[in-house]
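Below: one structure, written as structure tokens.
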Amino acid sequence: MCRLSMRLSFLGLALSVLCSLPIRADDQRVSFNRDVRPILSDACFHCHGPDDQQREAGLRFDRRESAVAKSESGETPIVPGDLLASELVKRITSDDKSIVMPPPDSGKMISPAQIETLKRWISEGAEYEGHWAFQKVVRPDVPAVSGNERHSDFASS
1025 MCRLSMRLSF LGLALSVLCS LPIRADDQRV SFNRDVRPIL SDACFHCHGP
1075 DDQQREAGLR FDRRESAVAK SESGETPIVP GDLLASELVK RITSDDKSIV
1125 MPPPDSGKMI SPAQIETLKR WISEGAEYEG HWAFQKVVRP DVPAVSGNER
1175 HSDFASS
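Residue 1025 is where the sequence shown starts when you use the working numbering, and the numbers rise one by one after that.
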């Protein structure tokens, strides 16, 4: 009984570690809904989101047509596939407190990992997706299995 308890404890620990790993594999494309929208929502939408009363510079990051058009400053926030031309990249990577986004006094911050996600998304073409609640549910493909061997460690319990 003690051996079974130990195995179950190990299994629980292994599952908790696996569940804490990032969902996206390195070779998978960045998803707007899964990877980008949460970053923009937390750090950018307060000033550049759907609220007309709070919006700054006439810029909305929740709508692609606004994010890829020239802003009031004459700069283009997101140029799909071009990091150097994307003002968003310049702003989130700047050390200049007068232009860095989000502004230091906002209390918001974008981590280095989130910056890399945004840069990768722009490099991949900055594709937007509609809100997940309005997406058609699609059954995922069943993954291939590499054999029918049994796992002897768990079969003997």
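Even glycine gets a Cβ: it sits at the ideal position worked out from N, Cα and C. These numbers were taken from a predicted model, which means no experiment stands behind them.
What does the alpha-carbon distance come out to for the pair residue 1103 and residue 1171? Cα atoms of residue 1103 and residue 1171: separation of roughly 46 Å, rounded to the nearest angstrom.
Environment of residue 1110 [buried if 16+ CB atoms lie within 10 Å]: Answer is buried; the Cβ neighbour count reaches 16.
Does residue 1158 come out as helix, strand or coil in the three-state DSSP assignment? Under the three-state reduction of DSSP, residue 1158 is assigned to helix.
Would you give the residue range spanned by the alpha helix (DSSP H) that residue 1108 belongs to? Element bounds for residue 1108: n/a, residue is neither H nor E.
List the endpoints of the continuous alpha helix (DSSP H) containing residue 1077. The continuous stretches of alpha helix (DSSP H) do not include residue 1077, and DSSP gives it neither H nor E.
Is it right to say residue 1162 is buried, meaning 16 or more other beta carbons lie within 10 angstroms of its own, or is it exposed? exposed
Between the stretch 1135 to 1145 and the stretch 1110 to 1122, are three or more C-beta pairs nearer than 8 Å? Contact holds: three or more Cβ-Cβ distances are below 8 Å.
What's the call for residue 1137, buried or exposed, on a 16-neighbour Cβ count within 10 Å? exposed
Taking the alpha helix (DSSP H) that residue 1168 falls in, what are its first and last residues? Run containing residue 1168: none; DSSP gives neither H nor E here.
Roughly how many whole angstroms lie between the Cα atoms of residue 1098 and residue 1123? Looking at the two C-alpha atoms, the distance is approximately 15 Å.
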